[in-house]
Each structure stands twice: as C-alpha cells, then as structure tokens.
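Residue numbers (the numbering used here), protein chains in the order written: chain A, 9 to 136; chain B, 3 to 278; chain C, 63 to 410. Cβ atoms here follow ideal geometry from the backbone N, Cα and C, with glycine treated the same way.
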Amino acid sequence: MNVDEKDGSGVYQRVVLKNSSPYHYLKVCLVLEDELTRLSAVELKHFIITGLKNLYGEVGAALSFDLLKYDEDTLTALLRVYSRGLVKLWSSLTLLGSYQNQACAFRVLQVSPFLLALTGNSRELHLD
Amino acid sequence: MSVFMDLNLTFTEDKSVLQRMIETAAQLGFSTVAINYMFEPKAKKKPQIPAPTPITELMDQLPVVQGRSRPIRVLNRLTLVMSDSFHFRSTAPEYRCFDLLAVQPTTEKLFHAACMVYDIDIICVSVTERLPFFFKRAPVNGAIDRGVVFEVSYSAAIRDSTMRRYTIANAISLIECCKGKSVMVSSAAEKALELRGPYDVTNLSLLFGLSDKDCKEAVSSTCRSVLLHGETRKTASGIIYTVKSCSEASDQQEAPPQSETCEAPPSKKQKSSVTE
Amino acid sequence: MSVDVAQAPPSLLVCERSSFVEQNNRVGSHVEQLHFNYKVSLLLPECSSAPSHLDSVLKGFSSFYLIRKLPIYELLNKDFLETAVYHGSVYGLSYKTRVDEDTCVALMPNGRLCLSLDKYSFQLLGFEGTRSRFRPKDRHIVSVDLTNNSMAPGGRGYLRLLTGLMSRLPLSMDFLLSHHPGGGASLQPLLSRYDWSEHRPEMINQVLPHLSCPSDPKSCDAQSFLEWLGAVDADIGSENSSSSFLSSFVCPELKTVLSRALRVSICGLLLPPDVHRLIQEVRRYLEQTRLETWASLTVHGFADSPVSWRDNEHGHLRGGENFYTLLMFQDHAYHLYLATGAHDTCPP
Chain A
9 MNVDEKDGSG VYQRVVLKNS SPYHYLKVCL VLEDELTRLS AVELKHFIIT
59 GLKNLYGEVG AALSFDLLKY DEDTLTALLR VYSRGLVKLW SSLTLLGSYQ
109 NQACAFRVLQ VSPFLLALTG NSRELHLD
Chain B
3 MSVFMDLNLT FTEDKSVLQR MIETAAQLGF STVAINYMFE PKAKKKPQIP
53 APTPITELMD QLPVVQGRSR PIRVLNRLTL VMSDSFHFRS TAPEYRCFDL
103 LAVQPTTEKL FHAACMVYDI DIICVSVTER LPFFFKRAPV NGAIDRGVVF
153 EVSYSAAIRD STMRRYTIAN AISLIECCKG KSVMVSSAAE KALELRGPYD
203 VTNLSLLFGL SDKDCKEAVS STCRSVLLHG ETRKTASGII YTVKSCSEAS
253 DQQEAPPQSE TCEAPPSKKQ KSSVTE
Chain C
63 MSVDVAQAPP SLLVCERSSF VEQNNRVGSH VEQLHFNYKV SLLLPECSSA
113 PSHLDSVLKG FSSFYLIRKL PIYELLNKDF LETAVYHGSV YGLSYKTRVD
163 EDTCVALMPN GRLCLSLDKY SFQLLGFEGT RSRFRPKDRH IVSVDLTNNS
213 MAPGGRGYLR LLTGLMSRLP LSMDFLLSHH PGGGASLQPL LSRYDWSEHR
263 PEMINQVLPH LSCPSDPKSC DAQSFLEWLG AVDADIGSEN SSSSFLSSFV
313 CPELKTVLSR ALRVSICGLL LPPDVHRLIQ EVRRYLEQTR LETWASLTVH
363 GFADSPVSWR DNEHGHLRGG ENFYTLLMFQ DHAYHLYLAT GAHDTCPP
C-alpha cells in the first residue's frame, strides 16, 4: 500500500491508495445441466468450498469468502473474497464441472475490487 | 489485442450438441471458434482423413457474439494424433479443406519434427497423460521462430481430477520452456457446459505459470497469429487466393473530392485484404 | 518460475476531503473530466420522495442518440465540425465495442478524437499515434485535437486522417452521440444520413425502508463506506452477525437504522453538465432540509471507453471500472472518492 498525502491548507486533503481494496467481489451464475435443480444458499457455499478443496486441498478449503447475496431462482450470487484469494477462488470456480453427478459450469459475470462497480457495468447497456 | 477465440471445439456427430456449443461460445464472448476433427491414423492402412462438415450445413444462422453486433465466425480444424512419422503427409490434398492444421506428437522424435519441419499451425500438448518426453529448448524455440503455436486445452481438467494434475503439470513444463511465448489456451470442449468464458480462461492460465499479459494473449493475439499462419499455409502452394475486401468501393463513392488526390498505394491495399 | 496465485490484482482509490465553500475545491473539474458516464446513483437518507426541484433535474437529463454503422470519417465532416464540434461540446463513444478486443473511438467534448486501435489497424491507418501505456506491444492510441489549426478541414493532418479513415481503414461502428447544449438539433444533419434512434436515460426510483447505515459517514473509512454503499446499491442485507456461515459482511461500526432512504438511479449516456446540475440541486436540498443528514452520489464511467479522466488512457484488464462517489454534508463539506481498476491512470 502506498499513501501519498498532501495537506496544504488544512481543509483540503488528498490521499491516494494503491491496491488498498481488502476484498474483491465476483458476480457469478451457476448453470446446471438439469435446469430445474435448485440449490439453497448453504448448499451453494458448500459446493464452492468443495471446489476449493479439490484444487487447493485443506488450505484452499480454509480460504474464507462470503456469499453476500444469492438468488435461488436464477442461481446468481455475489461473492466477496480477500484480494489475495481471488485467483484461487476464481480458478476453482472455473474448474468445477459437476454437481451431484450432473454437469455444471460457473459463469463469472463480473469481477471488481469495488462492490459499487458491480451495479454499474456499462457492458449491460442494451438499447435495442 | 485482438478478439477472443477458442480454436478447439471437439466435433461430434450430434448436430444439436455442436450447435449448443457454438451458441454458448458466442454468449461467453468468443468471436471466433474452430471445430476440431480429431484423427488418429491406424498403423499400416492408408489413412482416411475425414472431410469437414460445411458450417452452413451445421447452422442456418450463426449466433451474435455477446455485446457485439456481429455474428460468430466458425472455422474447421484438423488434429492428427501421430505415433509414426508416415502419418503426416505434407502434400495431402485433404488437409486443404481445413482452415487450421494441428498435430499431437506422441514421441520426442515426432515432437522435434513437428517443431522444426512439418508445415502445420498448432502443436497440441497432451493433457490426458504424463508427458512421454521432456520439452527441449531448441525445438520449442524453432517452433516459435516458425510461427507454430503450442496449445494447452483445459476441458480435461474440468472432467477429471487426475487429468487436472496432468494438464497443470504439462502446461507448466511447457511454459517454463517457452517462457510464455506462443502458447494458446483452448477448451477442447465436448459439450457446452465444458466451455468457460475468456476471462475465466485468462485467470486459469495464471495457474499454468503465464503472466497477466501472456494470459490474455493466450486467448486472443496468439490465436489471431495462428489464423494468419493457417491462411498463408493454405496459399503457399502457389494458388492465387483472393479475399473479398470489405465494402471499400462503396465507401469511396461517398467520399468527398479530396480523396481523389490521396489514393492508398497498392501495396497498402493488398495488406488490408490479407489482414481482414 | 514460480506460480504466484496470491497476488492481488491492482486497483487505485483517490480520497479527497474538502469543502464546497473552499475557493479551490476541485469537484467541478473532476465531474467535467470524466466524460462518458454510464450510470448515476443517488442516495438520500431519510427521504421518501425527491422535492420537485430535484426531481425536475433528475428527469431532465439530456437524451442521447444511437447511430448504426456510422463510418468514423463522418466525424471529420466539415459541416459536422462547424455545427457541432466547434460550437458546444459533442460526446461520442463507440457502442458494442470492447476496449480490450476491438477498435474503440471516443469524441470528447473538448474536440479531441481518440482512436484506440490494435497494432494492425494502426499500421493500416498510417497516422501518428502513441503506444498504449498498458499494452505497448499491441495497442496504439491516436488522439487528435479537431479544433487545432492543422486539423482544420483542408489542412494537412486533416486530409491524412480523412484518407486513412476512408480508404485504408474504413472503420464503421455503432455510435452513441450527444451534444451539449444544442441537443439533437446540432446533430441532425449527421443523424439524418444514417439509421439512428433517440434514447432517454432510464430512471429508477426506490424507497428503501429500515436501512442500517454507518452513524457517522464523515469519520467512516473510505473502503468500508464504499463497500456499504455498494451493498445498498446491490440490495445486500447487512443484518448478518459476523460469525454467520454464509457471509460475514456487516455494516461498518456504530450503525444506526434509517427509517427510510431514497435511491435514484439513471442509466444511459449521461453528460457531465447534467451531473453538475444535479450536484447543485442536491446541495440546495441539503441546505433546505431540517434534518441533519447527508447525501451520496455515485457516477460510473463506461468500462469500454478509451479514455477515463481527462484524456488519460483507460484499459480493461478484468473489470474496467472507473467511477467516483461524492459524499455531501450539510456544512458544505464533501468527501470525494475516485476509483479505478487495473489498466487505468491515476485520476487527477
């Protein structure tokens, strides 16, 4: 972290924080072969932990992440993970290929160091 | 940086599976995909190379790439799994039906030949078994100099945890040898759910030891240079090859009079049709 | 070679604290310098409906136009330059193009045209440019000031760029366009030649009941305040206990519960002058209201714009985020947070 501080008049203050985001946020959607299958939030979190454990072992399973929001109907979730764990969490989501013997895939829709950015993605602008 | 591509969707007889795969690839943001015909020549018999199914027969209308206004581009590719040197016939006319030509060598000798001699575009790195040989710097550098690209595919790693180990191990030893240059990462998916988005693949490639920048190139610029390599390979035998250059004529009709004095030199024009 | 999977991807956050009454406060210039805004999100605590003066500003955001398959050389058209670019400011941005894959074009209000090209297109265009800061090997930026003498119609640079765009690199793409203050009238001659449509920014009003909120946003640290604000925008509940299995996300320390809050969001191609007007009205609202309160305004830039603040190059590695949040208080003090992801220059 790099802090550069200018405090001229005492009223005006400017601070630049580099790589200061403690967390990264992911918007993900689970696609299942049988589209009628539904998972509860707890099941989804367990499933992701299984993926972490398969790829990174016990150390991976201990990586803490939060399920901030989950919509059971669309299987869409918002995840929060410590920035240092982003690559690990993301790669284990990528390599998850089956849920209870049916094929599945996690579609990572957006990744950002700021939660605010997930609600303002200009790639979602559809004008037709 | 060029558009994202996945130059390896495994061909299956089942048209609907193939259609689903192409649709999913477009949804995920891939602008170009190639349908891969795997071919393993049997010993002694004269090999019968499959003919590719024309894309128009496969799909009436190609799906639009996500967030873009253009349809996806679909190519054909042939992969020869080689266990003997006579499996590759450099002049075989059947090869010309395919946009891309790849080989998967199973011995060190064949790997060396593929890197240094064969007129091909892609060398596949096996991801379903322990490598039967080590990568040596000389042939790998030779391949990079000739514009031949190495391919690592990830869908085996999704299917099975043993394969996952082989995929990661083989990819790391390749990338240590070539220092991340001329590597493309593709899916080799057999169904739509085995495909992953371009940014997912980029992130996954970090595990193979690629740098942030090389990761993105592995699904974009490197693939583009493979396509250009494939195009020039097809034209190398001295046949005149023409590409319809995009509506240049119509643009010039609307041009204000100034343009008449500044026509593009013919050499530049030719270049534009090749890079199209 | 070691595989480092624990490396955090880069990001930048600039925090600025000052007061509107301060002579040299820079809110106005920051707002103006982020040219291409996609979304504005306003949060007013303890408010159930916006007062009429605020509502009229929210509804009064300028419309913008989408032109299909616009050849880029049309932006150099003499009439267009004279009617639109030289008088007032044009905001133009290519639509359905991605800055990490395709060619992107932006026409900035200061009359600068910026083309973000891959190496091959750049070579074809044959016009001088600079290497991209983030991808020096395969991306080039051509940035020209159309109001400069050499770019006047008939000038040398002008003809060179025009022929490049007409014959060697005939770019055409869907284009978002807006004009301040002339609106559609100034763009009409250009629009009439192509397939176009007019779009109004889309507004969504929502009253959020019982919202837990940090009791003193003034002293709350930047990261956790922005996270809380993001949670409000994404409708994430913060009523967890920190020991919960699913999520340990909680509202920052010393929370209070607001009985209600109004959230307004507007999406489209939004112009900085409109955002500026909105800020003035929010300040007026804060002055008039009796409760001791605050207001926050978040403005998101386009992820695929080739520029972010000023003429600074903007890229897209994973997210392409560029946004700012302005937190305003009743005593005219403000906090301004400017945030970008990887592949972006530091905001001014």
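- Going by DSSP, Trp356 (chain C) is part of no alpha helix (DSSP H) but of the beta strand (DSSP E) stretching over Trp356 to Gly363.
- For Ala293 (chain C), the nearest beta carbon of chain A is closer than 8 Å to its own beta carbon.
- With respect to the 8 Å criterion, Arg72 (chain B) and Val66 (chain B) are classified as neighbours on the basis of their beta carbons.
- Per the C-alpha coordinates, the member of C:Gly381, C:Val161 and C:Pro215 positioned closest to Phe122 (chain A) is C:Gly381.
- Straight across, the Cα-Cα distance linking Cys313 (chain C) with Val147 (chain C) is about 47 Å.
- For Cys37 (chain A), DSSP records a beta bridge to A:Thr84 and A:Arg115.
- With contact defined as three or more Cβ pairs closer than 8 Å, the segment 99-113 of chain C and the segment 345-356 of chain C are in contact.
- In the structure shown, Tyr135 (chain C) adopts helical secondary structure according to DSSP, grouped into three states.
- Chain A places no beta carbon closer than 8 Å to that of Tyr120 (chain B), leaving this residue out of the contacts.
- Considering only B:Glu42, B:Asn78 and B:Ser4, the residue with the shortest C-alpha distance to Ile24 (chain B) is B:Asn78.
- Neighbourhood of Glu163 (chain C) in chain B, by CB distance below 8 Å: Met3, Ser4, Val5, Phe6, Ser33 and Ser222, in chain order.
- Per DSSP, the unbroken beta strand (DSSP E) holding Ala36 (chain B) starts and ends at Thr34 to Phe41.
- The straight-line gap separating the alpha-carbon atoms of Cys275 (chain C) and Glu41 (chain A) is approximately 41 Å.
- For Lys158 (chain C), the residues of chain B that pass the 7 Å Cβ criterion are Gly69, Arg70 and Ser71, in the order they occur in the chain.
- The criterion of a C-beta distance shorter than 8 Å is satisfied by Ile125 (chain B) and Glu153 (chain B).
- Shown here, Asp295 (chain C) sits in a helix according to DSSP, grouped into three states.
- Per DSSP, Leu133 (chain A) is not a residue of any beta strand (DSSP E), being assigned neither H nor E.
- Contact annotation, Pro409 (chain C) with Trp371 (chain C): C-beta distance approximately 5 Å; criterion of less than 8 Å satisfied.
- Neighbourhood of Arg345 (chain C) in chain B, by CB distance below 8 Å: empty, with the nearest CB roughly 37 Å away.
- Per DSSP, reduced to three states, the secondary structure at Gly128 (chain A) is coil, with no helix or strand assignment.
- Contact residues of the segment 148-178 of chain B toward chain A are Ala159, Ile160, Arg161, Ser163 and Arg166 (C-beta to C-beta distance below 7 Å).
- Taking a C-beta distance under 8 Å as the contact criterion, Met186 (chain B) and Val228 (chain B) qualify as a contact pair.
- Under the three-state reduction of DSSP, Gly246 (chain C) is assigned to helix.
- Chain order gives no chain C residues near Ser100 (chain A), where near means a beta carbon separation below 8 Å; the closest approach is about 10 Å.
- Shown in chain order are the members of the segment 393-410 of chain C whose Cβ falls below 7 Å from a Cβ of chain A: Ala401, Gly403 and Cys408.
- Excluding five sequence positions before and after Asn99 (chain C), the CB atoms of its chain that fall closer than 8 Å to its own CB belong to Leu331, Leu332, Leu333, Pro334, Val337, Val361, His362, Gly363 and Phe364, given in chain order.
- Annotation: Glu144 (chain C) to Cys176 (chain C) spans about 19 Å, alpha carbon to alpha carbon.
- Here DSSP, grouped into helix, strand and coil, assigns Ser240 (chain C) to strand.
- Runs of the alpha helix (DSSP H) lying entirely within the segment 126-202 of chain C and spanning at least 4 residues, in chain order: 181-187.
- When the beta-carbon positions are compared, Thr34 (chain B) and Met7 (chain B) come within less than 8 Å of each other.
- The continuous beta strand (DSSP E) containing Cys77 (chain C) extends over residues Leu74 to Ser81.
- Distance check between Leu117 (chain A) and each of A:Thr127, A:Asp81, A:Val24 and A:Glu43 places A:Thr127 closest, using alpha-carbon atoms only.
- Chain-order list of chain B residues neighbouring Arg218 (chain C): empty, with the shortest C-beta distance near 11 Å, by a criterion of under 9 Å.
- Here Arg322 (chain C) is bridged, per DSSP, to C:Pro271.
- Under the DSSP assignment, Gln21 (chain A) falls in the beta strand (DSSP E) whose first and last residues are Gln21 to Lys26.
- Judged by pairs of C-beta atoms under 8 Å, the segment 107-114 of chain A touches the segment 35-52 of chain A, as three or more such pairs exist.
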